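Participant: Here it is, the structure in full.
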Amino acid sequence: MSVLRLRASLLRRGAAGLGRALRTEGCPCSDPEKGTLWTWGRMYSVNAPEQDRRRDAGQVELLEVLEARVRQLQTENVSEVTVNRVEVTPLRTRNQKDLQALGLMEDGAKQDASSSAQVVHKASSRWVEKLSQEKSDLHKRQKVLEVKLKSQNFCESQLKKREKAFHARKQKPKLAKPKTSICIEKDIRELDPPVKQMPEVVRHSRKQLFILACLECFLSLGHLAQANHLLLSYFNRPCHRKQLTLSMYNSLLKAWAKEGSLHQISTLFSMMNMSKLNPDLVSYAAALECMGRVNADFKLIKRCLNQMTQEGLQMQDLFHHPVLHQQERMIVLKAIQKVEPKFSPPSLSHKITQSPLLKDFYSKEEPVSYPKLSLPLLELQERFQQQLNLESAMTITIDSVEKKPLAEQNHHMQKLLTDLKSQWRNALMKTFRETKVHMSEQFDDVNLYPYLCLLKDEDYVDLMMQVLFELPPHGDSLIHLVMNLGMKVYNKNLIQMKMKSFVLDKLKRKYMNYLHLLAKDTQLDSCLPREHWETLESEASICSNLLIQEKTWPDVVLVQLGTQLIEILVQSIYMPSNLSSSQAEKKLIPVLYHVYSFLSVKQIGFIKPHPSFIQLVAEASCTSLTFDVSVMPMLCPPMPWTSPSFGAYLLHPTKLMRCLDGTVQHQQLLESCPPEQLHSVLDALTQLGNCAWKVNQPVLDLVISIFNAKGSKKLDVPPPMSEAPTPPSYKLAKDISSKEKAELRREIAQCHKTAREMYGLRMDALYKLSIAHHLRDQIFWFPHNMDFRGRAYPCPPHFNHLGSDMTRAILLFAEGKPLGPNGLDWLKIHLINLTGLKKKESLRARLAYANEILEDILDSADNPLTGRKWWMDVDEPWQALACCMEIANAVRSPDPTAYVSHFPVHQDGSCNGLQHYAALGRDVIGATSVNLMPCDVPQDVYSGVAQLVEELRKKDAAEGRSIAQVLEGFINRKLVKQTVMTVVYGVTNYGGRLQIEKRLKELDDFPKEHIWEASFYLSQLVFSSLSEMFSTTREIQDWLTKSAHIISKSGSTVQWVTPLGLPIIQPYHKPQKIIIPGNLQSLCVMSCSDVNQKPNTLKQKNAFPPNFIHSLDSTHMMLTALHCYRKGLTFVSVHDCFWTHACSVDIMNKVCREQFVNLHSQPILQELSRFLVTKYCSPSQSHKFSNRMSQKTLMLKTLSCVPKQGTLDLQKVKESTYFFS
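Structure (structure tokens):
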């Protein structure tokens, strides 16, 4: 019984632990006889003495050991005694009153206390003896540990003394350095006005991420006890305790709060205190929620609120934090009002973005009316239900456009494949369940078993079968397969969590109300989609952000889980070796093989299908394709982006900022931003996603006909695999030389490489065309997100408007608009732009040329495959053909101005990267070269550079330089275009040389022996010519490069904020290798974005200039998108290429120019300099300089030295016809 009393004493002490964690220092205890929580005779503070903490840890460890032993003995001897009864039985009357005051004891438990005591007395004497003996052993062990701890404390104190003495000696002789520090700090303080800093990225090790993922996995399964045990297993080992983070404690706090377990809440707070972790808003929210559920004591709630205030946390913030939904907020409010009856949560105020670029846009001073979709409310609601059904199924099977003639043999193979599929499913199910049983028997805190319980067994089998039939004939790397399969499990788990009935019902109601803003037959049109959704959120009882909080799995978990499933797949499925054999007994062979291959000089593992399996699938002539719904366009308008964790698809998890797996810093920065700072970015992405599309059916049918007729190299339609080169048949002679063998090997390898490339191109076209064919009678949408620089991309990867010429040609706006007075002219100009024939001519000349060749245009539209085929000999043939058809329809209509056109017209920036550089530096010469200044005809920067290069070459040739003489007659625009285009995006001398080398190899009459020397020589001339033409541009590039170099050398990654307020961080770090063992092979996971690794200085400095310019062009695009939306235009973009209806090109051009001037009228470089100085040269960053103040001085000097600007008048851009044309 003494052991049971010890258990009761420790239980009572744990219930008081929250009080200890929350009590302020020096606060006296309440009278223990009054029945309140405070039953201790000593005083405790937040910072308890070291000996008390160690004693507490020892008692907690003893408690866990005793609990485990009690359970074991109960199962052996007295199985009728439950653990709960053992816990409450020995409590004395006073302790029961304490629990009643806490609300921890239910009425039934009060009545059962005496009866359960009688049951315990009936336990066998052998059981009591065992417990007594174990208690004695543990007591002895504890004494030994205490001796060790005392000696350890003594050693630690000695080390601290030595460390202090060392630092004192080190700092004494250095008397002059503080002056430099003070001077620098003064320089920083003089920056006016102050720059708002981004929060630091939270750095968690892979081990910490793994532990957190395991905890979340247990909690999602409802295994709260296992999650608690996992946390305690690390906490009770002092060497591992530092692995526990605040988010881990908060996960368990929230779970125990739902259970109303104040005892567990208090224990976790005590553990956090002992781990020197300060509770945050989430921690206190969980504690208050638990107190509200159990109707906790007044004094306990009061102390909790006081402690919150001391930590700098405000009560009203609890009701704006996304961690609590409405019901939980009411429970927290109930607890708070018990102490402060007059408290009421503040109303949610919608703050407006403070960006000077958009103050007028978000101003509500005048009435605003936003455009609507061209669909009625009822149809949009039906489309929503269709999309919801698709995403619930997770996959979709569509018909393939590839036509194959079927014979009797094909039907036989189809039946055989169906039978084998059934057998494979059974085999996979059996092996999978055996694996789960095996793992459950060997369960520990690092086991994959809980991850194999998240879904139904059938779901895992379906995913493995899906991966099997997605495997290409030449196989795929093992690391790619395991990551793919791991992500499939992760996505399916998240979708199933969102499909809970209470979540799905609220989502349906909210989206149905949201459609009232978009439908053409409703009145609501005075707010943005995000604003309307936020209004619906404030009226709802549960917020969407909470419903879809994504718990990211570390890449190690994804790899281990995927490896386990791939191993099951490889070892479980077999097929007959001879498909044509009719024998009753057939030899079975594995379907998949694990082999090794070389990628460059690296040996990697491959999973390859057996040739018989490839033959079976080919002869079965499968006429369908299965896709994840996430790669398909949506059948209803996407969810509006309202936060970094909510938007796009209805159920499928989508990141606002796409990044490599395992990269977390981008999401952390976005989530730490004030909500209003991201409003403009969220609204722009929502606007791009709300553009409705449809398929251009006549063009699609033509492409499919050519696709099934063995393709066309000229039209960029890939041929079938039957056209792939076959490896040469050979029979090696005995006297064959090693040189001949090597030549034969190279020829065979080249054949295999060509076949793989042809297969990839063919399947890519097949996917695009099959999806387009499936949607040929539908209206659909492309949800958008962005990369870490802010550049927008459609989420569906295969079929979208960022695709090839062929893909763009089969897309039309779903909404049509009359051409109006200028629309037909813009269609004709757009057609000539697509041909690339009149790039140096004026718009008037291009229009005149279009009218001259009108007969060819009409012939191409009427007889694309049998006529004169003019459209086939241009730069963008498929888009040109689609434009020919649109012009023909408009010309032949009764009134071309009234013709309703769905065709998108493009306006493309003229070397847009150099345009931004010229505007940043106010460079008049550079601005003129890239059409920022008004001109009668477009300026061609590529021709200008080619002309300068030719002049330099002539000079060198006259001086007798041989390579300059060889290059006579070969310098042209095409030779230098790619290098000029990419130099603004950070191409190096080496990269430029490779680009020019490739162009020279395409020239049949250029001597091959001079290619390397000529490419090296020309790359130098190109770079020197660019420096001469764009001198200010080179100065800005150099400043950005030097700034990034010195920042990364100090151990920091480069960060900045775009003019729209989007925080950006470069994810380039030193590569880290992680070896993950497996039965097939050990996998090496490479990560170059781990924040715990040092920055990759080379990548940081080389990537900063192009990434900064990309962030500016994305800002310009988003500004244009928002203002076009305000004016009622349809607008989409392909980075620096803007699309709209033909009738609204003039309006879009005006908005585009105004927003470019508006953007570059801001002090962009000066703001960047101030931000960098404040972030990287502040006193808080001094520790990164290792007491070398010269480095800090150099950094301050470099970051503050902004390049001087020229005299360019930005207002001239508004008058430039060819800025975007």
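So the sequence shown is numbered by this note's numbering: it starts at 14 and just counts up by one.
Note that CB positions come from ideal geometry on N, CA and C, so glycine has one too.
Bear in mind that the values here come from a model prediction, so they are computed numbers and not experimental data.
Alpha carbon to alpha carbon, how far is HIS1129 from PHE1169? Give it in angstroms, no decimals.
Facilitator: 6 Å
Participant: With a CB to CB cut of under 7 Å and the five nearest residues on each side skipped, what residues in its chain are close to VAL1067?
Facilitator: ALA1057, ILE1060, SER1061, GLN1079, GLN1113 and PHE1117
Participant: For the alpha helix (DSSP H) containing TRP1069, list its first residue and its last residue.
Facilitator: Unbroken run through TRP1069 is the beta strand (DSSP E), 1068-1070; no alpha helix (DSSP H).
Participant: Using C-beta distances below 8 Å, list every residue in its chain close to THR431, excluding the 5 sequence neighbours before and after it, in chain order.
Facilitator: none
Participant: Where PHE445 and SER585 are concerned, what is the direct C-alpha to C-alpha distance, given to the nearest angstrom?
Facilitator: Straight-line Cα distance between these residues: approximately 9 Å.
Participant: Which ranges would you report for the alpha helix (DSSP H) in the segment 340-419 if only whole runs of at least 4 residues count?
Facilitator: 372-375 and 390-406
Participant: Pair every Cβ in the segment 720-731 with every Cβ in the segment 1165-1179, then say whether three or more of these pairs are closer than 8 Å.
Facilitator: no
Participant: Could you say which of CYS230, PHE248 and SER387 lies nearest to GLU828 if we only look at CA atoms?
Facilitator: SER387
Participant: LEU1013 and SER1028 - do their beta-carbons sit closer together than 8 Å?
Facilitator: yes
Participant: Which class does GLN1008 belong to by DSSP, given the choice of helix, strand or coil?
Facilitator: helix
Participant: When the distance is taken between beta carbons, is PRO486 closer than 8 Å to PRO622?
Facilitator: Yes, Cβ-Cβ distance for PRO622 and PRO486 is below 8 Å.
Participant: Grouping DSSP H, G and I as helix and E and B as strand, with all else coil, what is THR820?
Facilitator: helix
Participant: Would the segment 389-405 count as touching the segment 1096-1107 if we require 3 or more Cβ pairs under 8 Å?
Facilitator: no
Participant: Count the other CB atoms within 10 Å of the CB of GLY724; is the residue buried (16 or more) or exposed (fewer)?
Facilitator: buried
Participant: If we count the other Cβ atoms within 10 Å of its Cβ and call it buried at 16 or more, is ASN241 buried or exposed?
Facilitator: Its Cβ being crowded by 16 or more others within 10 Å, ASN241 is buried.
Participant: Determine the direct distance from the alpha carbon of PHE1019 to that of GLU981, and round the result to whole angstroms.
Facilitator: 10 Å
Participant: How should TRP1025 be labelled, buried or exposed, when 16 other C-beta atoms within 10 angstroms of its C-beta is the threshold for buried?
Facilitator: exposed
Participant: With distance defined between alpha-carbon atoms, name the residue in HIS786, ASP777, GLU770 and PHE916 nearest to LYS841.
Facilitator: PHE916
Participant: Kindly give me the distance between the Cβ atoms of SER368 and LEU933, rounded to whole angstroms, as I take these residues to be in contact under 8 Å.
Facilitator: Between LEU933 and SER368 the Cβ distance is about 18 Å, and since that is not below 8 Å, they are no contact.
Participant: Given a cut-off of 8 Å, decide if SER1146 and ILE1077 are closer than it, judged by their beta-carbon atoms.
Facilitator: no
Participant: Report all residues from its chain with a CB closer than 8 Å to the CB of GLY816; omit the five preceding and five following residues, and keep chain order.
Facilitator: LYS781
Participant: Rounded to whole angstroms, what is the Cα-Cα separation between HIS1154 and ALA901?
Facilitator: 17 Å
Participant: If we ignore side chains and look at the alpha-carbon of each, how far apart do LEU275 and LYS255 end up?
Facilitator: 25 Å
Participant: Using the beta-carbon count (16 or more within 10 Å), is TYR1003 buried or exposed?
Facilitator: With fewer than 16 other Cβ atoms inside 10 Å of its own Cβ, TYR1003 counts as exposed.
Participant: Between the segment 797-806 and the segment 870-888, are three or more C-beta pairs nearer than 8 Å?
Facilitator: no
Participant: Closer than 6 Å by C-beta to HIS787: which residues in its own chain qualify, once you throw out the five before and the five after it? Chain order, please.
Facilitator: ILE411
Participant: Which two residues bound the contiguous alpha helix (DSSP H) that contains GLN221?
Facilitator: 219-233
Participant: On the CB-based measure, 16 or more other CB atoms within 10 Å of its CB, does GLU889 come out buried or exposed?
Facilitator: Result: buried.
Participant: Who are the near neighbours of THR910 in its chain, counting only those whose CB is closer than 8 Å to its CB and skipping five residues on each side?
Facilitator: Cβ within range, chain order: PRO831, LEU832, GLY833, PRO834, GLY836 and LEU837.
Participant: Where do the N-terminal and C-terminal ends of the beta strand (DSSP E) with ILE1087 fall, by residue?
Facilitator: 1085-1089
Participant: Are PRO1216 and GLU972 touching if we call contact CB-CB under 8 Å?
Facilitator: Not a contact, by the Cβ cut-off of 8 Å.
Participant: Taking the alpha carbon of ALA299 as the reference point, which residue from SER288, PHE311, LEU318 and LYS289 has its own alpha carbon closest?
Facilitator: LEU318
Participant: Can you name the residues that DSSP bridges to HIS929?
Facilitator: DSSP, once it has assigned bridges, lists no residue as partnering HIS929.
Participant: Go to LYS289, then tell me how far its alpha helix (DSSP H) extends in each direction, as first and last residue.
Facilitator: It is not in any alpha helix (DSSP H) - LYS289 carries neither H nor E in the DSSP assignment.
Participant: Under the assumption that GLU404 contacts TYR606 (Cβ atoms under 8 Å), give the Cβ distance between them as a whole number of angstroms.
Facilitator: Rounded, the Cβ-Cβ distance is 35 Å, inconsistent with contact.
Participant: With which residues is TYR609 paired in a DSSP beta bridge?
Facilitator: GLY618
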